[in-house]
Amino acid sequence: MQRAMEHDRPITLYGVLCDHLRAERLVRPALSTIERLIAGARQVAYEETWTKLRPESSAEQLGEIDALLDFDATLGATPLVWLCQQAAAPVPDMVRDQVVKLERLRQLGIAKGTVAALPANRVRHLAQLGKRHTPQALRRLQPERRYQIVACTLADLTTSVTDEVLELFDSALGTTDRRARTALERRRKAKTAATRSIVAHFEQIGAIVMNAEISDTDLRYRILDAVGAEELRTAVEESADILVPESLRHLDELKARYSQLRQHAPHVIAAFDFIADQPDSAVVEALRTLKHLNNNGLRRVPEATATAFVPRMWRSHLTDSEGRIDRKTWEISLLLEARGALRGANLWVEDSRKFANPRNYLLDGQALDQYQEHNPSPTAPTAGEQLQRLGAQLGTAIEALDQTLADGGAIRVEDDRLVVGPLPGEDSNQDRALRQQVTAALPEISLIELLVEVNSWCGFLDQLTHAGTPPGS
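For the sequence shown, my numbering assigns the number 1 to the initial residue and increments by one for each residue that follows.
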(Lines of atoms letter the chains of each structure in order from A; the text may use other names.)
(Lines give C-alpha, C1' and ligand atoms only; values in the text may rest on other atoms or scores of the structure.)
Protein backbone atom coordinates (compact mmCIF):
# COMPACT_ATOMS: atom_id res chain seq x y z
CA MET A 1 0.00 0.00 0.00
CA GLN A 2 2.90 2.36 0.71
CA ARG A 3 4.22 1.79 -2.81
CA ALA A 4 0.72 2.23 -4.22
CA MET A 5 0.56 5.67 -2.58
CA GLU A 6 3.64 6.62 -4.60
CA HIS A 7 3.09 4.69 -7.85
CA ASP A 8 -0.43 3.98 -9.05
CA ARG A 9 0.47 2.18 -12.27
CA PRO A 10 -0.15 -1.61 -11.97
CA ILE A 11 2.94 -2.47 -14.06
CA THR A 12 5.11 -0.42 -11.70
CA LEU A 13 3.66 -2.10 -8.63
CA TYR A 14 4.16 -5.48 -10.30
CA GLY A 15 7.84 -4.69 -10.84
CA VAL A 16 8.26 -3.49 -7.24
CA LEU A 17 6.66 -6.68 -5.92
CA CYS A 18 8.81 -8.91 -8.13
CA ASP A 19 11.94 -7.10 -6.98
CA HIS A 20 10.92 -7.64 -3.35
CA LEU A 21 10.25 -11.36 -3.90
CA ARG A 22 13.57 -11.76 -5.69
CA ALA A 23 15.44 -9.96 -2.90
CA GLU A 24 13.76 -12.11 -0.23
CA ARG A 25 14.28 -15.29 -2.30
CA LEU A 26 10.56 -16.08 -2.28
CA VAL A 27 8.78 -18.04 -4.99
CA ARG A 28 6.47 -15.80 -6.99
CA PRO A 29 2.79 -16.72 -6.56
CA ALA A 30 0.35 -17.01 -9.43
CA LEU A 31 -0.32 -13.92 -11.56
CA SER A 32 -3.96 -13.90 -10.45
CA THR A 33 -2.79 -13.64 -6.83
CA ILE A 34 -0.49 -10.76 -7.70
CA GLU A 35 -3.29 -9.02 -9.60
CA ARG A 36 -5.56 -9.22 -6.55
CA LEU A 37 -2.77 -7.89 -4.31
CA ILE A 38 -2.13 -4.94 -6.63
CA ALA A 39 -5.84 -4.16 -7.03
CA GLY A 40 -6.30 -4.28 -3.27
CA ALA A 41 -3.29 -2.04 -2.66
CA ARG A 42 -4.54 0.52 -5.18
CA GLN A 43 -7.99 0.55 -3.57
CA VAL A 44 -6.48 1.04 -0.13
CA ALA A 45 -4.35 3.86 -1.55
CA TYR A 46 -7.48 5.60 -2.89
CA GLU A 47 -9.18 5.28 0.49
CA GLU A 48 -6.08 6.43 2.36
CA THR A 49 -5.76 9.46 0.07
CA TRP A 50 -9.37 10.45 0.72
CA THR A 51 -8.91 9.89 4.47
CA LYS A 52 -6.01 12.39 4.49
CA LEU A 53 -7.68 14.92 2.20
CA ARG A 54 -11.19 14.99 3.64
CA PRO A 55 -10.35 16.74 6.96
CA GLU A 56 -8.58 19.48 4.98
CA SER A 57 -11.48 19.99 2.54
CA SER A 58 -14.57 21.85 3.67
CA ALA A 59 -18.03 21.31 2.21
CA GLU A 60 -17.72 24.68 0.47
CA GLN A 61 -14.49 23.61 -1.22
CA LEU A 62 -16.07 20.37 -2.39
CA GLY A 63 -18.90 22.36 -3.96
CA GLU A 64 -16.40 24.66 -5.67
CA ILE A 65 -14.58 21.62 -7.04
CA ASP A 66 -17.79 20.42 -8.68
CA ALA A 67 -18.40 23.93 -10.05
CA LEU A 68 -14.98 23.84 -11.75
CA LEU A 69 -16.28 21.07 -14.01
CA ASP A 70 -19.30 23.09 -15.26
CA PHE A 71 -19.10 25.01 -18.54
CA ASP A 72 -18.59 28.75 -18.12
CA ALA A 73 -19.83 30.81 -21.05
CA THR A 74 -17.65 33.78 -20.04
CA LEU A 75 -14.49 31.69 -20.22
CA GLY A 76 -15.62 29.61 -23.18
CA ALA A 77 -14.61 26.43 -21.30
CA THR A 78 -14.87 24.83 -17.90
CA PRO A 79 -12.90 26.68 -15.19
CA LEU A 80 -10.64 23.65 -14.70
CA VAL A 81 -9.67 23.58 -18.38
CA TRP A 82 -9.15 27.35 -18.31
CA LEU A 83 -6.88 27.07 -15.27
CA CYS A 84 -4.79 24.41 -17.02
CA GLN A 85 -4.18 26.54 -20.12
CA GLN A 86 -0.64 27.95 -20.34
CA ALA A 87 0.44 31.28 -21.78
CA ALA A 88 1.57 31.16 -25.38
CA ALA A 89 4.03 34.08 -25.18
CA PRO A 90 5.44 36.51 -22.56
CA VAL A 91 3.19 39.40 -23.60
CA PRO A 92 1.43 41.73 -21.14
CA ASP A 93 -2.09 40.37 -21.79
CA MET A 94 -1.10 36.79 -21.11
CA VAL A 95 0.94 37.74 -18.04
CA ARG A 96 -2.14 39.44 -16.61
CA ASP A 97 -4.31 36.42 -17.49
CA GLN A 98 -1.99 34.06 -15.64
CA VAL A 99 -1.99 36.37 -12.60
CA VAL A 100 -5.81 36.24 -12.64
CA LYS A 101 -5.65 32.43 -12.71
CA LEU A 102 -3.25 32.44 -9.78
CA GLU A 103 -5.62 34.63 -7.76
CA ARG A 104 -8.50 32.26 -8.59
CA LEU A 105 -6.46 29.27 -7.41
CA ARG A 106 -5.62 31.04 -4.17
CA GLN A 107 -9.29 31.85 -3.59
CA LEU A 108 -10.11 28.15 -3.84
CA GLY A 109 -7.81 27.63 -0.86
CA ILE A 110 -6.27 24.37 -2.08
CA ALA A 111 -2.51 24.66 -2.07
CA LYS A 112 0.45 22.74 -0.72
CA GLY A 113 -0.93 22.68 2.82
CA THR A 114 -4.02 20.77 1.74
CA VAL A 115 -2.07 17.91 0.17
CA ALA A 116 0.97 18.09 2.46
CA ALA A 117 0.10 14.76 4.09
CA LEU A 118 0.30 12.93 0.74
CA PRO A 119 3.52 11.68 -0.88
CA ALA A 120 4.79 13.98 -3.63
CA ASN A 121 4.53 11.19 -6.21
CA ARG A 122 0.87 10.63 -5.29
CA VAL A 123 0.05 14.30 -5.74
CA ARG A 124 1.91 14.41 -9.05
CA HIS A 125 0.16 11.27 -10.32
CA LEU A 126 -3.34 12.50 -9.41
CA ALA A 127 -2.56 15.92 -10.89
CA GLN A 128 -1.56 14.31 -14.17
CA LEU A 129 -4.85 12.42 -14.20
CA GLY A 130 -6.74 15.66 -13.62
CA LYS A 131 -4.96 17.40 -16.50
CA ARG A 132 -5.33 14.39 -18.82
CA HIS A 133 -9.02 13.62 -18.22
CA THR A 134 -11.83 15.70 -19.67
CA PRO A 135 -14.29 17.41 -17.30
CA GLN A 136 -16.98 15.00 -18.50
CA ALA A 137 -14.81 12.01 -17.54
CA LEU A 138 -14.11 13.49 -14.12
CA ARG A 139 -17.82 14.08 -13.63
CA ARG A 140 -18.51 10.37 -14.11
CA LEU A 141 -16.09 9.34 -11.34
CA GLN A 142 -17.14 8.60 -7.77
CA PRO A 143 -17.20 11.80 -5.65
CA GLU A 144 -14.30 10.68 -3.42
CA ARG A 145 -12.18 9.80 -6.43
CA ARG A 146 -13.13 13.02 -8.25
CA TYR A 147 -12.41 15.28 -5.31
CA GLN A 148 -8.93 13.91 -4.65
CA ILE A 149 -7.95 14.13 -8.32
CA VAL A 150 -9.18 17.73 -8.72
CA ALA A 151 -7.74 18.80 -5.34
CA CYS A 152 -4.28 17.49 -6.26
CA THR A 153 -4.63 19.10 -9.71
CA LEU A 154 -5.40 22.48 -8.13
CA ALA A 155 -2.50 22.17 -5.69
CA ASP A 156 -0.14 21.32 -8.53
CA LEU A 157 -1.56 24.15 -10.65
CA THR A 158 -0.94 26.64 -7.84
CA THR A 159 2.75 25.75 -7.98
CA SER A 160 3.02 25.55 -11.77
CA VAL A 161 1.12 28.82 -12.39
CA THR A 162 3.27 30.57 -9.77
CA ASP A 163 6.39 29.44 -11.61
CA GLU A 164 4.86 30.33 -14.97
CA VAL A 165 4.01 33.89 -13.91
CA LEU A 166 7.53 34.48 -12.63
CA GLU A 167 9.04 32.93 -15.77
CA LEU A 168 6.86 35.18 -17.94
CA PHE A 169 7.97 38.15 -15.84
CA ASP A 170 11.59 37.11 -16.38
CA SER A 171 11.09 36.65 -20.14
CA ALA A 172 9.24 39.95 -20.55
CA LEU A 173 11.98 41.88 -18.74
CA GLY A 174 14.61 40.06 -20.76
CA THR A 175 12.83 40.91 -24.01
CA THR A 176 12.60 44.59 -23.06
CA ASP A 177 16.27 44.72 -22.10
CA ARG A 178 17.29 42.91 -25.29
CA ARG A 179 15.30 45.31 -27.46
CA ALA A 180 16.88 48.26 -25.67
CA ARG A 181 20.36 46.89 -26.34
CA THR A 182 19.46 46.19 -29.99
CA ALA A 183 18.24 49.77 -30.44
CA LEU A 184 21.42 51.00 -28.75
CA GLU A 185 23.55 48.98 -31.18
CA ARG A 186 21.65 50.36 -34.18
CA ARG A 187 22.12 53.85 -32.82
CA ARG A 188 25.82 53.25 -32.35
CA LYS A 189 26.22 52.08 -35.95
CA ALA A 190 24.25 55.07 -37.23
CA LYS A 191 26.64 57.40 -35.41
CA THR A 192 29.68 56.01 -37.23
CA ALA A 193 29.29 58.35 -40.21
CA ALA A 194 28.70 61.34 -37.94
CA THR A 195 31.83 60.48 -35.94
CA ARG A 196 33.95 60.44 -39.09
CA SER A 197 32.54 63.84 -40.14
CA ILE A 198 33.32 65.30 -36.70
CA VAL A 199 36.89 63.98 -36.86
CA ALA A 200 37.28 65.52 -40.32
CA HIS A 201 36.10 68.90 -39.01
CA PHE A 202 38.43 68.60 -36.05
CA GLU A 203 41.32 67.94 -38.45
CA GLN A 204 40.47 71.13 -40.37
CA ILE A 205 40.12 73.17 -37.19
CA GLY A 206 43.35 71.77 -35.77
CA ALA A 207 45.29 72.63 -38.95
CA ILE A 208 43.97 76.21 -38.83
CA VAL A 209 44.77 76.63 -35.13
CA MET A 210 48.30 75.27 -35.55
CA ASN A 211 49.03 77.57 -38.52
CA ALA A 212 51.31 80.29 -37.09
CA GLU A 213 50.64 82.60 -40.04
CA ILE A 214 47.00 83.12 -38.92
CA SER A 215 46.62 85.76 -36.25
CA ASP A 216 44.47 85.22 -33.18
CA THR A 217 42.02 87.91 -34.29
CA ASP A 218 41.40 86.14 -37.62
CA LEU A 219 41.32 82.60 -36.15
CA ARG A 220 37.56 82.42 -35.53
CA TYR A 221 36.68 83.78 -38.95
CA ARG A 222 39.06 81.39 -40.70
CA ILE A 223 37.52 78.41 -38.85
CA LEU A 224 33.95 79.45 -39.69
CA ASP A 225 34.96 80.10 -43.27
CA ALA A 226 36.62 76.66 -43.63
CA VAL A 227 34.02 74.52 -41.77
CA GLY A 228 30.83 76.55 -41.98
CA ALA A 229 28.83 77.92 -39.08
CA GLU A 230 25.89 75.50 -39.50
CA GLU A 231 28.09 72.44 -39.93
CA LEU A 232 30.17 73.44 -36.91
CA ARG A 233 27.04 73.85 -34.78
CA THR A 234 25.80 70.40 -35.87
CA ALA A 235 29.19 68.83 -35.13
CA VAL A 236 29.22 70.32 -31.63
CA GLU A 237 25.72 68.96 -30.90
CA GLU A 238 26.58 65.52 -32.21
CA SER A 239 29.83 65.52 -30.21
CA ALA A 240 27.89 66.12 -27.02
CA ASP A 241 25.63 63.19 -27.88
CA ILE A 242 28.56 60.89 -28.67
CA LEU A 243 30.24 61.70 -25.34
CA VAL A 244 27.24 60.33 -23.38
CA PRO A 245 28.36 57.05 -21.69
CA GLU A 246 26.94 53.83 -23.13
CA SER A 247 25.44 52.87 -19.77
CA LEU A 248 23.31 56.03 -19.72
CA ARG A 249 22.25 55.41 -23.32
CA HIS A 250 21.09 51.96 -22.23
CA LEU A 251 19.09 53.54 -19.41
CA ASP A 252 17.51 56.01 -21.85
CA GLU A 253 16.44 53.14 -24.10
CA LEU A 254 14.89 51.33 -21.14
CA LYS A 255 13.08 54.50 -20.06
CA ALA A 256 11.63 54.77 -23.55
CA ARG A 257 10.06 51.34 -22.94
CA TYR A 258 8.90 52.11 -19.41
CA SER A 259 5.25 52.11 -20.46
CA GLN A 260 5.65 48.53 -21.77
CA LEU A 261 6.99 47.39 -18.40
CA ARG A 262 4.10 49.04 -16.61
CA GLN A 263 1.62 46.90 -18.57
CA HIS A 264 2.58 43.73 -16.68
CA ALA A 265 5.10 44.44 -13.91
CA PRO A 266 2.61 45.97 -11.38
CA HIS A 267 0.38 42.88 -11.65
CA VAL A 268 3.29 40.53 -10.95
CA ILE A 269 4.62 42.63 -8.07
CA ALA A 270 1.14 42.75 -6.50
CA ALA A 271 0.66 38.98 -6.81
CA PHE A 272 3.59 37.93 -4.62
CA ASP A 273 5.25 38.57 -1.27
CA PHE A 274 8.93 38.36 -2.09
CA ILE A 275 11.23 36.97 0.60
CA ALA A 276 15.01 37.17 1.00
CA ASP A 277 17.46 35.52 3.35
CA GLN A 278 18.43 38.89 4.82
CA PRO A 279 15.51 40.52 6.68
CA ASP A 280 16.83 44.00 5.84
CA SER A 281 17.21 43.33 2.11
CA ALA A 282 17.08 46.56 0.12
CA VAL A 283 15.36 44.78 -2.79
CA VAL A 284 12.57 43.37 -0.61
CA GLU A 285 12.03 46.74 1.07
CA ALA A 286 11.92 48.51 -2.30
CA LEU A 287 9.47 45.92 -3.72
CA ARG A 288 7.13 46.57 -0.81
CA THR A 289 7.40 50.29 -1.46
CA LEU A 290 6.69 49.78 -5.16
CA LYS A 291 3.65 47.63 -4.35
CA HIS A 292 2.37 50.40 -2.03
CA LEU A 293 2.87 53.02 -4.74
CA ASN A 294 1.05 50.93 -7.34
CA ASN A 295 -1.87 50.01 -5.07
CA ASN A 296 -2.46 53.62 -4.04
CA GLY A 297 -1.79 55.26 -7.42
CA LEU A 298 1.17 57.27 -6.12
CA ARG A 299 3.88 58.55 -8.44
CA ARG A 300 6.51 60.14 -6.21
CA VAL A 301 9.02 57.78 -4.60
CA PRO A 302 9.57 58.54 -0.88
CA GLU A 303 12.94 60.06 -0.04
CA ALA A 304 13.78 57.33 2.51
CA THR A 305 13.29 54.52 -0.03
CA ALA A 306 16.08 51.97 -0.40
CA THR A 307 18.31 52.64 -3.43
CA ALA A 308 21.36 50.43 -2.72
CA PHE A 309 20.46 48.15 -5.64
CA VAL A 310 20.71 50.91 -8.27
CA PRO A 311 23.81 50.30 -10.46
CA ARG A 312 26.65 52.75 -9.86
CA MET A 313 26.66 53.78 -13.51
CA TRP A 314 23.03 54.95 -13.21
CA ARG A 315 23.30 56.75 -9.88
CA SER A 316 24.00 60.10 -11.56
CA HIS A 317 20.48 59.94 -13.05
CA LEU A 318 18.75 58.64 -9.92
CA THR A 319 17.69 62.11 -8.75
CA ASP A 320 16.19 64.94 -10.77
CA SER A 321 17.05 68.65 -10.69
CA GLU A 322 14.97 69.11 -7.52
CA GLY A 323 16.76 66.31 -5.66
CA ARG A 324 13.81 63.88 -5.81
CA ILE A 325 14.21 60.22 -6.79
CA ASP A 326 13.50 59.63 -10.46
CA ARG A 327 10.68 57.05 -10.55
CA LYS A 328 11.65 55.48 -13.89
CA THR A 329 15.33 54.99 -13.04
CA TRP A 330 14.51 53.62 -9.59
CA GLU A 331 11.77 51.24 -10.77
CA ILE A 332 13.70 49.92 -13.79
CA SER A 333 16.74 49.25 -11.58
CA LEU A 334 14.53 47.47 -9.05
CA LEU A 335 12.83 45.24 -11.61
CA LEU A 336 16.12 44.19 -13.19
CA GLU A 337 17.68 43.54 -9.78
CA ALA A 338 14.65 41.49 -8.67
CA ARG A 339 14.90 39.44 -11.87
CA GLY A 340 18.55 38.67 -11.18
CA ALA A 341 17.85 37.88 -7.51
CA LEU A 342 15.11 35.40 -8.46
CA ARG A 343 17.47 33.72 -10.89
CA GLY A 344 20.22 33.49 -8.29
CA ALA A 345 17.90 32.17 -5.51
CA ASN A 346 18.57 35.31 -3.46
CA LEU A 347 14.86 36.07 -3.67
CA TRP A 348 12.00 33.58 -3.53
CA VAL A 349 8.23 33.26 -3.12
CA GLU A 350 5.89 30.78 -1.47
CA ASP A 351 4.09 28.00 -3.41
CA SER A 352 6.86 27.90 -6.01
CA ARG A 353 8.96 25.02 -7.22
CA LYS A 354 11.52 26.80 -9.39
CA PHE A 355 11.78 29.99 -7.32
CA ALA A 356 11.51 28.38 -3.87
CA ASN A 357 13.64 28.93 -0.78
CA PRO A 358 16.91 27.02 -1.38
CA ARG A 359 16.83 25.94 2.28
CA ASN A 360 13.93 23.64 1.37
CA TYR A 361 16.44 21.35 -0.30
CA LEU A 362 18.52 21.02 2.87
CA LEU A 363 17.97 18.54 5.70
CA ASP A 364 16.47 20.07 8.79
CA GLY A 365 15.17 19.01 12.17
CA GLN A 366 14.83 15.28 12.83
CA ALA A 367 16.02 14.33 9.32
CA LEU A 368 19.26 16.26 9.89
CA ASP A 369 19.77 14.67 13.30
CA GLN A 370 19.31 11.19 11.87
CA TYR A 371 21.73 11.88 9.04
CA GLN A 372 24.38 13.25 11.38
CA GLU A 373 23.93 10.27 13.67
CA HIS A 374 24.73 7.84 10.86
CA ASN A 375 27.23 10.13 9.11
CA PRO A 376 29.26 11.96 11.76
CA SER A 377 31.17 14.94 10.42
CA PRO A 378 34.94 14.87 10.94
CA THR A 379 36.44 17.61 13.05
CA ALA A 380 37.70 20.38 10.80
CA PRO A 381 41.47 20.91 11.14
CA THR A 382 42.85 24.25 12.21
CA ALA A 383 44.81 26.45 9.81
CA GLY A 384 48.12 25.40 11.34
CA GLU A 385 47.27 21.70 11.12
CA GLN A 386 46.16 22.08 7.52
CA LEU A 387 49.38 23.90 6.56
CA GLN A 388 51.44 21.24 8.30
CA ARG A 389 49.64 18.45 6.45
CA LEU A 390 50.05 20.18 3.09
CA GLY A 391 53.73 20.83 3.83
CA ALA A 392 54.27 17.13 4.55
CA GLN A 393 52.54 16.20 1.29
CA LEU A 394 54.71 18.68 -0.61
CA GLY A 395 57.89 17.32 0.97
CA THR A 396 56.94 13.74 0.07
CA ALA A 397 56.15 14.76 -3.51
CA ILE A 398 59.50 16.59 -3.86
CA GLU A 399 61.41 13.55 -2.56
CA ALA A 400 59.59 11.30 -5.02
CA LEU A 401 60.40 13.70 -7.87
CA ASP A 402 64.09 13.84 -6.88
CA GLN A 403 64.26 10.04 -6.82
CA THR A 404 62.56 9.79 -10.22
CA LEU A 405 64.99 12.28 -11.77
CA ALA A 406 67.96 10.50 -10.21
CA ASP A 407 66.90 7.18 -11.76
CA GLY A 408 67.06 8.77 -15.24
CA GLY A 409 64.02 6.98 -16.55
CA ALA A 410 61.21 8.36 -18.70
CA ILE A 411 61.24 11.61 -16.69
CA ARG A 412 64.62 13.39 -16.70
CA VAL A 413 66.33 16.79 -17.03
CA GLU A 414 68.28 17.58 -20.16
CA ASP A 415 69.87 21.02 -20.72
CA ASP A 416 67.95 22.47 -17.77
CA ARG A 417 64.67 21.33 -19.33
CA LEU A 418 62.25 18.76 -17.98
CA VAL A 419 61.74 15.93 -20.47
CA VAL A 420 58.85 13.51 -20.11
CA GLY A 421 59.21 10.40 -22.24
CA PRO A 422 56.33 8.49 -23.82
CA LEU A 423 54.18 6.46 -21.50
CA PRO A 424 54.32 2.69 -21.83
CA GLY A 425 51.53 1.17 -23.92
CA GLU A 426 48.60 -0.53 -22.25
CA ASP A 427 48.32 -4.29 -22.25
CA SER A 428 45.45 -4.62 -24.71
CA ASN A 429 45.21 -8.40 -24.29
CA GLN A 430 44.71 -8.09 -20.54
CA ASP A 431 42.07 -5.35 -21.06
CA ARG A 432 40.26 -7.45 -23.64
CA ALA A 433 40.18 -10.45 -21.30
CA LEU A 434 38.88 -8.28 -18.45
CA ARG A 435 36.10 -6.87 -20.63
CA GLN A 436 35.08 -10.37 -21.69
CA GLN A 437 35.00 -11.47 -18.05
CA VAL A 438 32.81 -8.53 -17.04
CA THR A 439 30.48 -9.05 -20.01
CA ALA A 440 30.04 -12.73 -19.16
CA ALA A 441 29.09 -11.83 -15.57
CA LEU A 442 26.28 -9.49 -16.66
CA PRO A 443 22.85 -11.19 -16.73
CA GLU A 444 20.73 -11.18 -19.85
CA ILE A 445 17.40 -9.45 -19.25
CA SER A 446 14.49 -8.56 -21.48
CA LEU A 447 13.72 -5.02 -22.53
CA ILE A 448 10.44 -5.06 -20.60
CA GLU A 449 12.22 -6.01 -17.35
CA LEU A 450 14.72 -3.21 -17.91
CA LEU A 451 11.93 -0.62 -18.41
CA VAL A 452 10.07 -1.82 -15.32
CA GLU A 453 13.23 -1.62 -13.19
CA VAL A 454 14.17 1.87 -14.41
CA ASN A 455 10.59 3.03 -13.89
CA SER A 456 10.77 1.81 -10.28
CA TRP A 457 13.69 4.23 -9.77
CA CYS A 458 12.26 7.41 -11.29
CA GLY A 459 8.66 6.75 -12.42
CA PHE A 460 9.28 7.96 -15.98
CA LEU A 461 6.30 5.97 -17.31
CA ASP A 462 3.97 8.36 -15.46
CA GLN A 463 4.99 11.04 -17.98
CA LEU A 464 3.75 8.97 -20.96
CA THR A 465 0.22 8.75 -22.30
CA HIS A 466 -1.45 5.93 -24.15
CA ALA A 467 -1.35 6.16 -27.94
CA GLY A 468 -5.13 5.94 -28.03
CA THR A 469 -5.64 8.97 -25.76
CA PRO A 470 -7.44 11.75 -27.71
CA PRO A 471 -5.31 14.89 -28.30
CA GLY A 472 -5.73 17.54 -25.63
CA SER A 473 -7.15 15.08 -23.09
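Glycine included, each C-beta is placed from N, C-alpha and C at the ideal position.
Residues bridged to residue i [DSSP beta-bridge criterion]
i      : result
Arg417 : Glu414
Trp457 : Paired residue(s): none; Trp457 is not in a bridge.
Ala77  : Asp72
Ile325 : Thr319
Arg348 : For the record, residue 348 in the displayed sequence is Trp; it is not Arg. Ile275, per the DSSP bridge assignment.
Buried or exposed by the 16-neighbour rule on C-beta atoms within 10 Å, applied to residue i
i      : result
Arg315 : exposed
Asp156 : buried
Ser259 : exposed
Phe71  : exposed
Phe274 : buried
Arg339 : buried
Met5   : buried
Gln98  : buried
Ser281 : buried
Pro90  : buried
Trp457 : exposed
Ile332 : buried
Asp277 : exposed
Asn455 : buried
Asp402 : exposed
Ala87  : buried
Gly206 : exposed
His374 : exposed
Leu351 : According to the sequence provided, residue 351 is Asp. The question's Leu does not apply to it. Buried: at least 16 other Cβ atoms inside 10 Å.
Thr33  : exposed
Ala229 : exposed
Ile445 : exposed
Lys101 : buried
Asp218 : exposed
Thr396 : exposed
Leu248 : exposed
Ile65  : buried
Ala116 : exposed
Arg140 : exposed
Thr329 : buried
Own chain, CB closer than 7 Å to residue i, minus 5 neighbours either side, in chain order
i      : result
Asp326 : His317, Leu318, Thr319, Asp320
Pro135 : Leu69, Thr78, Leu80, Val81
Phe355 : Asp163, Leu166, Leu342, Trp348, Val349
Ala467 : none
Arg353 : Thr159, Asp163
Arg417 : none
Leu363 : Tyr371
Pro10  : Ile38
Phe309 : Ala282, Val283, Ala286, Ser333, Leu334, Glu337
Residue range of the alpha helix (DSSP H) that includes residue i
i      : result
His317 : Counting along the chain, His317 falls outside any alpha helix (DSSP H), and DSSP gives it neither H nor E.
Thr396 : 383 to 407
Ala467 : Unbroken run through Ala467: none, as it is neither H nor E.
Pro302 : No alpha helix (DSSP H) contains Pro302, which DSSP labels as neither H nor E.
Ala135 : In the sequence on display, residue 135 carries Pro and not Ala. From DSSP, the alpha helix (DSSP H) with Pro135 extends over 135 to 139.
Asp8   : Asp8 -> no alpha helix (DSSP H), and no H or E assigned at all.
Met94  : 92 to 108
Gln43  : 31 to 53
His475 : In the structure as shown, the chain starts at 1 and stops at 473, and residue 475 therefore has no counterpart that could be examined.
Asn375 : Where Asn375 is concerned, there is no enclosing alpha helix (DSSP H), given that its DSSP letter is neither H nor E.
Arg262 : Careful: Arg262 lies outside any alpha helix (DSSP H) and carries neither H nor E.
Thr217 : 216 to 227
Gly63  : 59 to 67
Arg288 : 282 to 296
Beta-carbon contacts of residue i that lie in its chain and below 6 Å, excluding the five residues immediately before and after
i      : result
Phe169 : Val268
Gly130 : Ile149, Val150, Thr153
Trp50  : Glu144, Gln148
Gln263 : Pro92
Thr289 : Thr305
Val420 : Ile411
Contact test: residue i Cβ vs the ligand GTP heavy atom, cutoff 8 Å
i    : result
Glu6 : Among the components modelled here there is no ligand, and therefore nothing to report on the ligand GTP.
Same chain, Cβ closer than 8 Å to residue i, neighbours up to 5 away in sequence not counted
i      : result
Asp177 : Leu254, Leu336
Leu105 : Leu83, Ala111, Leu154, Leu157, Thr158, Val161
Met1   : Ala41, Val44, Ala45, Glu48
Arg181 : His250, Glu253
Indicate whether the contact test is met: 3 or more Cβ pairs, each with one atom in the stretch 60 to 76 and one in the stretch 93 to 111, closer than 8 Å.
Contact between the stretch 60 to 76 and the stretch 93 to 111 is present: 3 or more CB-CB pairs across the two stretches fall below 8 Å.
Say whether the stretch 262 to 277 touches the stretch 289 to 300, bearing in mind that this needs 3 or more beta-carbon pairs closer than 8 Å, one atom from each stretch.
yes
When you compare the stretch 38 to 45 with the stretch 20 to 30, are there three or more beta-carbon pairs, one atom per stretch, that lie closer than 8 Å?
no
Using 8 Å as the Cβ pair cut-off and three pairs as the minimum, do the stretch 116 to 128 and the stretch 195 to 209 touch?
no
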